[in-house]
Each structure stands twice: as structure tokens, then as C-alpha cells.
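K.L.:
One structure is given below, represented as C-alpha cells, and several questions about it will come after.
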Amino acid sequence: MSTTPATSGAAVITGAALALGDDALVLSHRLGEWAGSAPVLEEEVALANIALDLLGQARVLLSLVGDEDELAYLREERSFRNAQLVEQPNGDFAHTIARQLYFSTYQRLLYGQLASGDGPFAGLAAKAVKEVAYHQDHAEHWTLRLGDGTDESHRRMQRACDALWRYTGELFQPVEGVDVDHAAMESAWLASVTDVLGRATLTVPEGPRTGAWAAGAGRQGLHTESFGRMLAEMQHLHRSHPGATW
Amino acid sequence: MTSDGWPLWEVFVRSRRGLSHTHAGSLHAPDAEMALRNARDLYTRRSEGVSIWVVPSAEITASSPDEKDPFFEPAADKPYRHPTFYEIPEGVKHL
Amino acid sequence: MTAVTAGTAETTGAPGVSDAAVAAEQAAYEAVFDAAVAADERIEPRDWMPEAYRASLVRQIAQHAHSEIIGMQPEANWITRAPSLRRKAILMAKVQDEAGHGLYLYSAAETLGTSRDELLDKLHSGRQKYSSIFNYPTLTWADVGAIGWLVDGAAITNQVPLCRCSYGPYARAMVRVCKEESFHQRQGYEALLALSRGTEAQHAMAQDAVDRWWWPSLMMFGPPDDESTHTAQAMAWKIKRHSNDELRQRFVDIAVPQAEALGLTLPDPDLRWNEERGHYDFGAIDWDEFWDVLKGNGPCNEQRLSRRRQAHEDGAWVREAAAAHAQKHRVDKHHAEQHQHTGKHGEAQA
């Protein structure tokens with residue numbers, strides 16, 4: 000996203016709201032895919048709660064930009080601004096939990112900072128930070144149980160943490176209009192994740208935290224292959240009936 | 000009673016300040032921490048509570064049906080424990 | 000509600016007591032039970048109850064719980080394709096409620112001494128049933144609306160009287176379920192109304208869904224009274240308060256004017272108001288289809304059950320991990336406490 004001094008304040012907010020809103024929208028959709036397939040009934044309820052919180056956040060954020068449904072259903076893949084982490088497929092329960100751990104830790108730090116500021120997202124962040132604290136708590140407790148559970152669960156959880164590690168660097172690339180200290184957030188994130196993984200008897204992955212492709216990532220509208228399929232499913236019905244109300 | 004090694008827990012919810020916790024139902028969880036979280040998700044997802052207790056069902060001692068009579072009959076003999084036992088002249092207030 | 004199985008007839012069979020004495024005690028218990036049911040009192044888990052009453056309740060509550068869980072599938076089928084974010088949030092919340100309701104009901108069944116594992120096992124092996132309605136597919140978005148309006152509508156008609164069921168935990172679970180479900184039917188009706196008043200294609204989609212769901216919804220009340228094996232006893236025990244046919248008629252009477260307000264027709268040429276009866280007459284239900292679907296030959300029986308089994312099997316390692324973690328940490332905690340104890344002891348000595 001190239002910025003010139005001429006970029007208006009409204010445009011900056013638009014870009015920021017899309018980034019945060021798309022994160023919430025896409026992760027909510029992925030969690031919604033679990034409905035009916037969670038490992039235990041109690042977890043059906045927990046995952047749906049998180050998905051609903053995120054969908055609520057997405058709707059507020061997208062509505063700052065325009066019509067929530069037009070934005071969700073009528074944009075092309077390259078116009079979505081979510082980080083690649085949230086679009087990663089659910090995989091097994093360990094992958095879903097690793098994605099939750101990485102993302103909710105980031106989101107909690109982000110909304111914590113936004114809530115304490117006086118920017119355009121302070122009000123939303125103040126409400127969301129409470130929801131997100133619970134999401135992080137949920138992810139942390141499951142990480143501990145899967146990491147320090149059986150041999151199989153340990154192996155699966157380690158594999159998931161490793162696989163998603165490369166998508167975590169992108170979360171801390173500055174987003175214009177998101178007025179937070181990204182570097183401080185990144186070190187707080189690393190400290191928090193390192194602590195949880197350690198207590199879960201898991202090893203902090205060693206690989207790079209950004210992709211090798213220098214072209215950019217989700218915040219620039221470059222996504223991973225599975226995302227197109229996700230959008231095709233999500234948008235199909237809405238797009239099949241142009242102009243209809245539901 | 001367990002579900003894949005997840006014991007049963009009884010859930011008590013305080014619906015608002017000033018009221019006592021009341022039994023809301025039960026659920027399965029591997030441990031107390033998860034039981035609390037599951038209880039929050041399940042029994043307070045429409046803001047039904049401000050505080051939750053969870054107790055392993057197996058830890059509850061209950062009066063058994065055989066003992067029902069000695070447990071509950073004596074109270075029935077003591078109507079003087081209830082305010083309606085006393086006759087108060089009409090018009091006397093605040094009693 | 001404790002995990003302890005309620006006192007059963009075994010408690011009366013002390014050794015050395017004559018058969019006559021046992022029979023007399025049994026009769027006394029039975030009289031107390033009958034009197035409680037007659038007086039509209041609730042039976043609670045630790046009360047004595049006839050074994051047949053217990054078995055009948057377990058069967059009914061389990062089937063009800065299974066229906067909630069299997070019933071998540073046809074609607075979850077549309078979560079990822081919901082055509083607006085508002086509808087998506089509503090649908091997610093609804094499917095989540097169904098998981099919650101399944102949980103309430105399994106809990107109620109557990110008070111009768113049957114574990115959730117046992118019940119799930121019976122569901123997965125096909126030994127216990129769920130409502131046949133969920134063996135029909137959701138082919139278009141309008142099916143989500145039709146399920147809300149007709150299937151939830153029929154379910155509510157069935158469930159409201161269960162809030163006064165003679166078994167306390169079941170009645171209490173149903174009070175909670177009915178309270179929470181009040182939005183389920185309304186959201187379905189609202190979704191259908193939007194379609195019916197929408198574009199031509201949307202209207203056609205709504206009509207098609209109602210055409211497919213109407214008859215299966217009427218079958219949800221179960222076989223006609225003269226063919227229902229469980230009704231008479233269940234009514235005598237006040238587990239059930241109204242017969243299948245009574246409830247079906249009540250549902251039809253409510254649904255007909257609702258369909259008119261929707262601007263949709265119901266697929267029954269014989270449907271008309273009967274002034275004399277004060278009810279709507281309706282056409283003959285295809286009971287062959289009902290029995291056939293019940294036997295496992297519905298369009299989705301195999302799919303629903305195998306999806307459920309798959310989820311359960313895929314989740315096994317997660318459940319085991321959490322149990323193993325709890326086990327390890329109970330031991331850790333125990334050691335820590337002992338350690339602390341010895342430490343304090345040492346201090347006292349010093």
C-alpha cells in the first residue's frame with residue numbers, strides 16, 4: 000500500500016478497518032466450518048462462541064467502511080486484506096488451536112493497545128479485548144492439554160505449531176491507520192507464545208516467520224491457494240442473486 | 000460417570016449479584032479449569048450469570064431415598080418455624 | 000443431580016427378607032410413585048421409580064438429545080454459504096444452541112444412570128434413533144428457513160408440553176430448551192418471508208423448500224395414535240401430555256394461516272377448514288415413506304450417521320489428550336501438596 004501525504008484520513012481508516020475486519024471475518028468463517036465436527040459437544044459450543052464474537056467484530060469493522068455484505072460477498076480475493084494466518088484451513092484440532100493461539104495472542108495485544116489509545120478503533124477495541132482475552136485463554140488451555148497430553152497429541156500439536164509459524168511474522172508488519180507499536184507488540188507476542196509453548200512441553204518453532212516470497216502477503220491482497228476456494232463457497236449464493244435482499 | 004475419561008460436573012450459576020448460586024445443570028470436562036470454561040460457554044451464553052461454581056458430581060453427597068423420612072419429616076412437625084403460624088390482629092403492620 | 004444412580008429396587012432386596020415382605024415394600028414404593036404422578040408432582044433422580052418408567056425416559060430423552068446433535072448437520076451445511084453476515088450470525092447461533100440443547104438433554108439422561116458415552120455409542124451403532132426429519136437433505140438456502148419455520152415449529156409444539164413432564168430433570172431441561180428456542184422458529188419464518196417477498200427466483204426457492212418439508216414435518220409427530228406403541232403408557236406416566244394426532248392437528252391449525260401470511264402454499268389439495276370440527280382437515284400422510292425413512296432408507300440416513308461417527312472418531316485423540324493431561328496434573332498437584340505438607344511439618348519441628 001503506497002502512501003502519499005495526500006492520503007486522506009478516511010482512506011487510512013478504511014484500509015485499517017478492512018485489515019482488522021477481514022481478519023475477523025475470515026477466521027470466523029473457518030471456525031464456522033467446525034460446526035457439527037468438533038471433538039466433543041462442549042467444544043462445539045466453545046468454538047461457535049469464538050466464531051460469533053469474531054463475526055460481530057467483523058461486522059462492526061466492515062460497516063465503518065461501507066455495506067458489510069457488499070464487502071464480504073462482492074470483493075475479489077485480491078481485495079481482501081486479512082493476514083494469511085487466519086485463512087489457513089482448519090486441519091486437525093491441533094492446527095485450529097495453534098492458529099487460535101497465534102492469532103488471539105496477537106489480537107489481544109493489538110486491541111489492548113488500541114483500547115488504551117484515542118484512535119477511531121478505541122471504542123470497538125475496548126469491547127473486543129474482553130472477548131479476545133477469552134479466546135486466548137481458550138487457546139492457551141487447549142495448547143497445554145494437547146502439548147502435555149498424550150504422545151499423539153504432543154506430536155500433532157508440535158506439527159501444527161511448526162506448520163503455522165511461517166504465517167506469524169506478517170501480523171507485525173505495520174498497517175497504516177493501526178496506530179500501535181508493532182515492534183513492541185511483536186516482542187510481547189513472542190514472549191507470550193514462548194511461555195505457553197514451554198509450559199505445554201512444546202518447542203518454539205525455529206523456522207522463519209515470514210514467507211520466502213518477497214511480493215508481500217495477505218495485507219497486500221496476496222493470499223494462499225485455499226483462500227480462493229473458501230471465498231467461492233462463502234460468496235456463491237450471494238453472487239448468484241445480484242441485488243437480492245436476504 | 001465419565002465420558003472418555005471426562006468426569007461429570009455439576010454447574011451452579013449466580014444469575015445476578017444478591018442471589019445465591021443455583022443449580023443450572025451438568026457437563027463433562029477433563030478438569031476443573033475446563034469445566035468452568037465449558038460452563039461459561041454453555042450455561043451463560045445469553046448473559047445468564049455473573050459467577051459460576053463447578054463441582055465434580057462424584058463429590059456430592061446426597062440424602063438417599065431410604066432416609067427421606069427422617070431427613071424431611073421433622074420439619075413438618077415444627078410449624079412454629081413459619082411466620083404464618085402466628086396470629087396477628089388485623090391492621091398491625093410491619094411484622 | 001448426582002452421578003449416583005437413583006435408589007432402585009435392589010435396595011429393598013435385603014437378604015433374609017421374605018419374598019412377600021419384598022413384594023409389599025415394592026408395592027408401597029409403587030404406590031408413592033403413582034400418587035406423586037397423579038398429584039402432578041415431579042419425580043426426581045433419587046426417587047424410586049418403576050424400571051419401565053426409567054427405561055422409557057432414557058429412550059425418549061436419548062432420542063431427543065440425538066436429534067439435537069444430528070439436527071446440527073443439515074443446517075450447518077449452510078453456515079459457510081449463508082447469503083448475508085446477519086443470516087450467518089443467526090445460523091451459527093442456532094446451530095450452537097442445538098449442541099447446547101443436546102448437552103442439556105444428555106445431562107438429563109445421565110441422571111437416570113446412563114452415561115453420555117453409552118448413549119453416543121448406541122446412536123453411532125444405530126441402536127437408538129433420532130428424529131427422521133434430519134434424514135432429509137437441505138438443498139437450497141430456503142431449506143434453512145423451512146426448517147426453522149416448520150421443523151422447529153413442529154418441535155416446539157411437541158416440546159412445550161414436555162416442560163410439564165413428570166420427570167424433573169427432563170422437564171427442567173425442556174424449560175431451558177423452549178426458552179432458548181423461541182428465536183429459532185421466528186428466524187426461520189423471517190428468512191422465508193424475505194425470500195417469498197424477494198425476487199422471483201427467491202420466491203420459487205422458498206416455495207420449493209416448503210413443498211419438500213411440509214409432509215416430513217407432519218410425520219415428526221410420530222405414527223397415528225392407533226399405531227403408536229409408546230403413547231398410552233407415556234401418557235399414563237405423564238411423560239407425554241398429548242397424543243401424536245392431537246399435537247399434529249394443533250400444528251396444522253397454527254401453520255395454515257402462517258403460510259398464508261408468507262404468501263406460500265402448502266402442498267396438500269385436501270387442506271381446508273372444517274367448520275364443524277373447528278380444525279383444518281388435511282390429506283393422508285404417506286406412512287410408507289415414514290417407516291421407510293425410519294428403517295434407514297431416507298435420503299441422508301447413512302450420510303448423517305457416518306458424519307457423526309467420523310467426528311467422534313476424529314475427536315478421540317483430543318478427548319484422550321485432555322484426560323491424560325488432567326490425570327498427570329492431578330498426580331502433580333497431589334505431589335506438590337504432599338511436598339508442601341512435609342515442608343510445613345519440617346518448619347514446625349525446627
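Residue numbers (numbering that gives the first Met the number 0), protein chains in the order written: chain C, 0 to 245; chain A, 0 to 94; chain D, 0 to 349. We put the beta carbon where it would ideally sit given N, CA and C, even for glycine. The model shown is predicted, which means the values in this text are computed figures rather than measured ones.
Note the first and the last residue of the continuous beta strand (DSSP E) segment covering phenylalanine 226 of chain C.
P.N.:
Element bounds for phenylalanine 226 of chain C: not the beta strand (DSSP E) but the alpha helix (DSSP H), 224-239.
K.L.:
Could you tell me which chain D residues have their CB closer than 8 Å to the CB of glutamate 41 of chain C, listed as they occur along the chain?
P.N.:
Leu102
K.L.:
If we define contact as Cβ-Cβ less than 9 Å, is leucine 18 of chain A a contact residue for chain D?
P.N.:
Closer than 9 Å: no.
K.L.:
Please identify, using Cβ separations under 9 Å, the residues of the region 307-325 of chain D that lie next to chain C, in order along the chain.
P.N.:
Arg307, Gln309, Ala310, His311, Asp313, Gly314, Ala315, Trp316, Val317, Arg318, Glu319, Ala320, Ala321, Ala322, Ala323, His324, Ala325
K.L.:
Taking only three categories from DSSP, how would you classify glycine 295 of chain D?
P.N.:
helix
K.L.:
Determine, using beta carbons only, whether proline 55 of chain A comes closer than 9 Å to chain C.
P.N.:
no
K.L.:
Measure the C-alpha to C-alpha separation of cysteine 60 of chain D and aspartate 150 of chain C and round it to an integer number of angstroms.
P.N.:
The amino acid occupying residue 60 of chain D in the given sequence is isoleucine; cysteine does not appear at that position. Taking the straight line joining both Cα atoms gives about 37 Å.
K.L.:
If the cut is a Cβ gap below 7 Å, which residues of chain C does lysine 17 of chain D touch?
P.N.:
In the sequence under discussion, the amino acid at residue 17 of chain D is serine, which differs from the lysine named in the question. Here the premise fails: no neighbours, minimum Cβ distance about 48 Å.
K.L.:
Do three or more CB pairs link the region 301-316 of chain D to the region 12-27 of chain C at distances below 8 Å?
P.N.:
no
K.L.:
By DSSP, does glutamate 205 of chain C sit in helix, in strand, or in coil?
P.N.:
coil
K.L.:
Under the rule that 16 or more other beta-carbon atoms within 10 Å means buried, what is tyrosine 79 of chain A, buried or exposed?
P.N.:
exposed
K.L.:
Could you pull out every residue in the same chain whose Cβ sits closer than 7 Å to the Cβ of glutamine 83 of chain C, ignoring the five residues on either side in sequence?
P.N.:
Hits under 7 Å: Tyr166, Glu169, Ala216, Gly217, His222, Thr223.
K.L.:
Between tyrosine 105 of chain C and alanine 127 of chain C, is the Cβ-Cβ spacing less than 9 Å?
P.N.:
no
K.L.:
May I ask you to list, following chain order, the residues of the region 137-149 of chain C that have a beta carbon less than 8 Å from some beta carbon of chain A?
P.N.:
His137, His140, Arg144
K.L.:
Which residues of chain A have a Cβ atom closer than 8 Å to the Cβ of glycine 167 of chain D, listed in chain order?
P.N.:
Simply none; closest approach about 11 Å.
K.L.:
Closer than 9 Å, CB to CB, is glutamate 32 of chain A near chain C or not?
P.N.:
yes
K.L.:
Which chain C residues sit within Cβ distance under 8 Å of arginine 80 of chain D?
P.N.:
Glu232, Met233, His235, Leu236
K.L.:
According to DSSP, simplified to helix, strand and coil, what is alanine 23 of chain A?
P.N.:
It is a strand residue.
K.L.:
Just to confirm my understanding: we take tryptophan 77 of chain D, look at its own chain, exclude 5 residues before and 5 after, and list those with CB closer than 8 Å. What are they?
P.N.:
Leu90, Thr137, Trp140, Asp142, Val143
K.L.:
Please find out if some non-hydrogen atom of the ligand FMN comes closer than 8 Å to the beta-carbon of alanine 254 of chain D.
P.N.:
As far as ligands go, the structure on display features none, and thus does not contain the ligand FMN.
K.L.:
Leaving out the 5 sequence neighbours to the left and right, which residues in its chain are closer than 8 Å to alanine 323 of chain D when beta-carbon positions are compared?
P.N.:
none
K.L.:
Going by DSSP, what residue range makes up the alpha helix (DSSP H) through aspartate 66 of chain C?
P.N.:
That residue, aspartate 66 of chain C, is in no alpha helix (DSSP H); it is neither H nor E in DSSP.
K.L.:
Taking one C-beta from the region 34-49 of chain C and one from the region 179-197 of chain C each time, how about it: are there three or more such pairs within less than 8 Å?
P.N.:
no
K.L.:
Are alanine 9 of chain C and arginine 80 of chain C touching if we call contact CB-CB under 9 Å?
P.N.:
no
K.L.:
Going along chain D, which residues have a C-beta under 7 Å from glycine 48 of chain A?
P.N.:
The premise fails here: glycine 48 of chain A is roughly 13 Å from chain D at the closest Cβ pair, so nothing lies under 7 Å.
K.L.:
Mind listing which residues of the region 101-134 of chain D have their C-beta closer than 7 Å to chain A's C-betas, in chain order?
P.N.:
Leu102, Tyr103, Ser106, Glu109, Ser114, Arg115, Asp116
K.L.:
When the Cα atoms are used, what is the spatial distance from alanine 30 of chain D to threonine 21 of chain A?
P.N.:
31 Å
K.L.:
Taking the CB atoms as reference points, tell me whether alanine 50 of chain C and alanine 200 of chain D lie closer together than 9 Å.
P.N.:
no
K.L.:
Name, please, each residue of chain A whose Cβ falls closer than 9 Å to the Cβ of valine 44 of chain C.
P.N.:
Asn37, Asp40, Leu41, Arg44
K.L.:
Give the straight-line distance between the Cα atoms of glycine 4 of chain A and alanine 321 of chain D, rounded to the nearest whole angstrom.
P.N.:
C-alpha of glycine 4 of chain A to C-alpha of alanine 321 of chain D: approximately 9 Å in a straight line.
K.L.:
Quick check for students: name the residue ranges of the alpha helix (DSSP H) that lie wholly in the region 168-256 of chain D, counting only runs of 4 or more.
P.N.:
199-218, 230-235
K.L.:
Taking tryptophan 236 of chain D and tyrosine 52 of chain D to be in contact with their CB atoms under 8 Å, please state how far apart those CB atoms are, rounded to whole angstroms.
P.N.:
6 Å
K.L.:
Decide if the region 86-105 of chain C is in contact with the region 81-88 of chain A; the criterion is three or more beta carbon pairs, one per stretch, under 8 Å apart.
P.N.:
no
K.L.:
Throw me the rounded Cβ distance for the serine 216 of chain D and alanine 153 of chain D pair, which I believe falls under 8 Å.
P.N.:
5 Å
K.L.:
In whole angstroms, give me the CA-to-CA distance for proline 119 of chain C and leucine 104 of chain D.
P.N.:
45 Å
K.L.:
Measuring straight from C-alpha to C-alpha, what distance separates phenylalanine 11 of chain A and isoleucine 59 of chain A?
P.N.:
13 Å
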